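Numbering (my numbering), first residue to last: 48 to 252.
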Amino acid sequence: MKIYQTFFFSRPTLIVARQLLGAFVVRRVGGREYWGRVVETEAYVGTKDKASHAHKGQTKRNAVMFGPPGYSYVYLVYGMHHLLNIVTGPPGYPAAVLIRACEPAFTERPSPARTYRFGTGGLAAITNAPRLASGPGKVGEYLRLTKKQNGLDVTAGRTLWFEKGYRLAGETIVRRPRIGVDYAQEYKDKLWRFYLKNNPCVSKL
DNA sequence: TATTGGATCGCC
DNA sequence: GCGATCCAATAG
Numbered sequence: 048m049k050i051y052q053t054f055f056f057s058r059p060t061l062i063v064a065r066q067l068l069g070a071f072v073v074r075r076v077g078g079r080e081y082w083g084r085v086v087e088t089e090a091y092v093g094t095k096d097k098a099s100h101a102h103k104g105q106t107k108r109n110a111v112m113f114g115p116p117g118y119s120y121v122y123l124v125y126g127m128h129h130l131l132n133i134v135t136g137p138p139g140y141p142a143a144v145l146i147r148a149c150e151p152a153f154t155e156r157p158s159p160a161r162t163y164r165f166g167t168g169g170l171a172a173i174t175n176a177p178r179l180a181s182g183p184g185k186v187g188e189y190l191r192l193t194k195k196q197n198g199l200d201v202t203a204g205r206t207l208w209f210e211k212g213y214r215l216a217g218e219t220i221v222r223r224p225r226i227g228v229d230y231a232q233e234y235k236d237k238l239w240r241f242y243l244k245n246n247p248c249v250s251k252l
């Protein structure tokens with residue numbers, strides 16, 4: 048397995064958002080591993096992006112966005128959902144990729160990693176649920192994230208990390224406007240949401 | 001110190 | 001369409 052390192056996340060955010068499609072996100076907690084293949088992302092880029100938490104400058108909540116790439120930015124929305132982002136771009140540049148949906152391990156298509164993971168993880172009992180992590184709030188729940196996971200170094204491979212995954216032929220990347228950012232004026236129509244075409248785990252069509 | 005509304009979800 | 005449910009951000 049190859050854990051993505053700082054260089055991977057240090058590249059421009061729109062690049063990273065696309066490159067994360069097909070990657071495995073892995074969460075180790077309570078003696079188990081919960082993991083899935085990322086199928087949907089969104090980019091939040093710089094202070095000019097009115098949809099981004101960084102738009103009005105650095106605050107206590109968004110501080111990790113202003114730090115080095117490769118760290119998790121986890122925050123609570125609507126009082127109940129923990130959303131997972133990974134800081135991207137050069138150190139100090141406030142940008143991140145939101146993980147909007149992933150394909151839970153048990154719905155994964157054939158790959159060498161499948162056998163390996165089922166041999167080591169604790170998810171074999173679960174059968175099939177393609178909608179289990181089909182939205183950013185559901186990803187947070189599936190991966191058992193809380194604010195304790197804010198500011199983690201995801202290149203260290205401890206409790207949360209990303210691995211090289213795969214993309215099938217035909218799984219082309221679809222670009223769409225981001226979800227839930229109607230307030231962002233000229234930034235609301237930016238095509239900064241990416242997902243794998245025809246994937247049943249994506250949050251919306 | 002008080003009010004507002006959100007990078008959502010699931011049910012009515 | 002709407003309520004849930006917390007808290008950061010902003011106004012007072």
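We treat Cβ as the ideally placed atom computed from N, Cα and C, and that holds for glycine.
Note that the coordinates shown come from a computational prediction; the quantities given were computed from them, not determined experimentally.
Residue i, DSSP secondary structure in three states
i           : result
residue 181 : coil
residue 57  : helix
residue 152 : helix
residue 231 : helix
residue 125 : coil
residue 189 : helix
residue 225 : coil
residue 201 : coil
residue 249 : coil
residue 214 : coil
residue 65  : helix
Residue i classed as buried or exposed, judged by whether at least 16 other C-beta atoms fall within 10 angstroms
i           : result
residue 185 : buried
residue 193 : exposed
residue 142 : buried
residue 219 : exposed
residue 216 : exposed
residue 48  : exposed
residue 83  : buried
residue 124 : exposed
Nearest-angstrom Cβ-Cβ length linking residue i and residue j, presumed shorter than 8 Å
i           : j           : result
residue 241 : residue 71  : With 8 Å as the limit, residue 241 and residue 71 do not qualify as a contact, their Cβ atoms being about 17 Å apart.
residue 129 : residue 121 : 6 Å
residue 199 : residue 207 : 5 Å
residue 114 : residue 134 : 6 Å
residue 56  : residue 138 : No, residue 56 and residue 138 are not in contact; Cβ-Cβ is about 11 Å, not under 8 Å.
Proximity winner among the options, relative to residue i (alpha-carbon distances)
i           : options            : result
residue 94  : 238, 106, 87, 83   : 106
residue 92  : 75, 140, 111, 189  : 140
residue 243 : 179, 68, 176, 60   : 68
residue 89  : 82, 98, 83, 81     : 98
residue 248 : 222, 151, 196, 236 : 151
residue 196 : 60, 246, 73, 178   : 73
residue 250 : 77, 183, 79, 100   : 183
residue 212 : 66, 58, 52         : 66
residue 111 : 179, 201, 96       : 201
residue 214 : 87, 104, 59        : 87
According to DSSP, residues forming a beta bridge with residue i
i           : result
residue 83  : 72, 151
residue 132 : 120, 145
residue 88  : 146, 241
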